[in-house]
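A.B. asks: Pasting a structure here, questions to come.
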Amino acid sequence: MTEPHLADLLTTPDRDAFWAEIGSAPPVRRGRYFDRSPVWLVTGYDEALAVLKDPGSFSNDINTRKDSVDVLATAGLPEDVAPYMSETLGAYDPPDHARLRRLVSRAFTVRRVESLRPRIQTMIDELVDDFPDEPFDVVERFAHPLPVRVICELLGVPGEDTERWRQWSSGLTAPDPGAMADSARGLVTYMSELIERKRAAGDDGLLSALIEVRDSDGDRLTDRELISLSLTLLLAGHETTVSVLSEGLLLLLNRPEEQERLRGDLNAVPAAVEEMLRVAGPAEIAPMRYAKHDVELGGVTIPEGDPVQIVYTTANRDPRRFDAADSTVLDRQDNPHLAFGNGIHYCLGASLARTEADLAFRTLLTRFDALGLATTGDEIRWQPGTARRLAALPVRATRAPARHD
Ligand code: HEM
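The sequence shown begins at 1013 in our numbering and counts up one residue at a time.
What follows is the structure, encoded as structure tokens:
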């Protein structure tokens, strides 16, 4: 059996076929990472969950790795911005992770997300009002601008700066290390100034709440942690949400009868969003874990210090866990997918992403009688990269007549 190379993901024309091949093998197997170094690929659902739920055996801290590599140097990040990119929630283990997560969770509450709903709806309406009658790229006009506006609104970044954030976000995920470093530097400088301004005059945004937040023992977030967290929210929350909005829409464009069903029953949209996340979740692979001691998993022994790569895409299509695992069933009821992870690192923005997707699809279905592809399916391309994201999605949208209730 040949070892799969994740680097092939950067050039494959068909990500689904790539993952289907990897998923057909044993649930834990040897493979190669993007830099061609050896990793254990955890592709089965139960095995992925076992790793996520056991931070005592699997660490997110790079220093646990036996052949410790300088990841930051490999990524080409300059020293002045590297710590802001590496010292993030996703790279921490308990107890540091628990401390940071507890502080952030005090400010980033479900209530805060719920209170954003009317603003998110207004942003969606503004973008949809501007849709042209002729075919257009819905990624450019809708899926890409919406999540960055929402993150800026959440943090309390002034509206006029949103376009700069959008450019920085694109730079942060660009394959060019120079563009990445410039964007990270731009954001770090901007955030330092914004924190000063919020300190002087607070508001009801998340950043002001994070500045104020204190633990029961008086512990609070440092400026560096605040900047790093803001960067993390943008990095973790922008492109992922762009992806679920556009990939989810593509699933609907290819299923006119499902569009009709959902138009007739908008309460069925949340279940459809869950299935979109299962079959086309943007986080195809997890941040790397490292075995803290020799661990038995899926019939193999993973030696202490070895890197362990969970593959969410194959876990979410594991036929041992999901009926009709390879089919898209938009009214699936039993759907405990791992698109947002699980355990202590479970996605902090899950309820925000769900709210955005729910409001976006409800609005698109209500405002348009028909949504169709403006091109043949073959021309739809994934953006080459480590995350799943459509480069463009040309659509034709037929407006529903205005309702006078
Ligand atoms: C559809 C959109 C999204 C998807 C699919 C997604 C997916 C994920 C996944 C899989 C993880 C866990 C990674 C792991 O440990 O293996 C994660 C963590 C995280 N996500 Fe999301 N995410 C989304 C949107 C967001 C948004 C909107 C935000 C915030 C604005 C966000 C912030 C975070 C943060 C801060 C973490 C790290 C949590 C920790 O390590 O404790 N995500 N996300």
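The beta carbon of each residue, even a glycine, is placed where N, CA and C say it ideally should be.
Taking 6 Å as the cut-off, is the CB of T1201 close to at least one heavy atom of the ligand HEM?
C.D. replies: Distances from the CB of T1201 to the heavy atoms of the ligand HEM are all 6 Å or more.
A.B. asks: Strictly by DSSP, which residues pair up with G1043?
C.D. replies: Looking at the DSSP assignment, G1043 forms a beta bridge with V1051.
A.B. asks: Give the secondary structure of D1227 by DSSP, where H, G and I count as helix, E and B as strand, and everything else as coil.
C.D. replies: Residue state, collapsed to three classes: coil.
A.B. asks: Taking the beta strand (DSSP E) that E1308 falls in, what are its first and last residues?
C.D. replies: V1307 to L1309
A.B. asks: Below 8 Å on the Cβ atoms is my guess for R1379 versus R1411; work out the distance and round it to an integer in Å.
C.D. replies: 7 Å
A.B. asks: Just mark N1072 as buried or exposed, buried being the case when its beta carbon has 16 or more other beta carbons within 10 Å.
C.D. replies: buried
A.B. asks: List, from N- to C-terminal side, the alpha helix (DSSP H) runs of 4 residues or more that fit wholly inside the segment 1189-1257.
C.D. replies: Runs found: 1189-1212 and 1218-1224.
A.B. asks: Taking 6 Å as the cut-off, is the C-beta of V1341 nearer than that to any heavy atom in the ligand HEM?
C.D. replies: no
A.B. asks: Indicate whether W1180 and L1166 have their beta-carbon atoms separated by less than 7 Å.
C.D. replies: no
A.B. asks: Rounded to whole angstroms, what's the CA-CA distance from A1186 to E1208? Just pull it up for me.
C.D. replies: 29 Å
A.B. asks: Would you kindly work out how many angstroms separate the C-alpha atoms of D1188 and A1060, rounded to a whole number?
C.D. replies: 31 Å
A.B. asks: Starting from R1290 and walking both ways along the alpha helix (DSSP H), at which residues does that stretch end?
C.D. replies: V1281 to A1292
A.B. asks: Please list the terminal residues of the continuous alpha helix (DSSP H) segment that includes T1325.
C.D. replies: Y1324 to A1327
A.B. asks: Given a cut-off of 7 Å on the beta-carbon distance, is the pair I1297 and Q1321 in contact?
C.D. replies: yes
A.B. asks: Within the same chain, show all residues whose beta-carbon is closer than 8 Å to that of R1124, passing over the 5 residues directly before and after it, in chain order.
C.D. replies: L1166, L1218 and A1221
A.B. asks: Verify the contact flag: F1373, CB atom, against every heavy atom of the ligand HEM, threshold strictly below 6 Å.
C.D. replies: Incorrect: F1373 has no Cβ contact closer than 6 Å to the ligand HEM.
A.B. asks: If contact is defined by three or more beta carbon pairs under 8 Å, each pair taking one atom from either stretch, is the segment 1306-1325 in contact with the segment 1335-1348?
C.D. replies: No, the segment 1335-1348 does not touch the segment 1306-1325.
A.B. asks: Buried or exposed for Y1096, please, with buried defined as at least 16 other CB atoms from any protein chain shown within 10 angstroms of its CB.
C.D. replies: buried
A.B. asks: Taking 6 Å as the limit between beta carbons, can you name the residues of its chain near L1385, skipping five residues before and five after?
C.D. replies: L1265
A.B. asks: I need the DSSP call for Y1096, collapsed to helix, strand or coil.
C.D. replies: helix
A.B. asks: Closer than 6 Å: is that where the CB of A1351 sits relative to any heavy atom of the ligand HEM?
C.D. replies: yes
A.B. asks: Within 10 Å of its beta-carbon, does F1105 have 16 or more other beta-carbons around it, so buried, or fewer, so exposed?
C.D. replies: Note that residue 1105 is Asp in the sequence shown here, rather than Phe. The residue in question, D1105, is buried, as its Cβ has 16 or more Cβ neighbours within 10 Å.
A.B. asks: Cβ of L1101 within 7 Å of Cβ of L1112?
C.D. replies: yes
A.B. asks: For the putative contact between M1203 and S1242, defined by C-beta atoms under 8 Å, what is the C-beta separation to the nearest angstrom?
C.D. replies: 5 Å
A.B. asks: Helix, strand or coil: how does DSSP classify R1131 here?
C.D. replies: helix
A.B. asks: Whole angstroms is fine: what's the gap from R1118's alpha carbon to N1347's?
C.D. replies: 28 Å
A.B. asks: Is P1299 near the ligand HEM, judged by its Cβ being under 6 Å from some heavy atom?
C.D. replies: Taking 6 Å as the cut-off, the C-beta of P1299 counts as close to a heavy atom of the ligand HEM.
A.B. asks: Are the Cβ atoms of Q1133 and L1364 separated by less than 7 Å?
C.D. replies: no
A.B. asks: Going along the chain, which residues of its own chain have a beta-carbon closer than 6 Å to the beta-carbon of E1286, five neighbours each way excluded?
C.D. replies: N1347
A.B. asks: Beta-carbon separation of G1043 and E1015 under 7 Å?
C.D. replies: Cβ atoms of G1043 and E1015: closer than 7 Å.
A.B. asks: I need the DSSP call for D1318, collapsed to helix, strand or coil.
C.D. replies: coil
A.B. asks: Give me the DSSP bridge partner(s) of W1394.
C.D. replies: L1402
A.B. asks: Can you grab the Cα-Cα spacing for the pair I1074 / R1290, in whole Å?
C.D. replies: 28 Å
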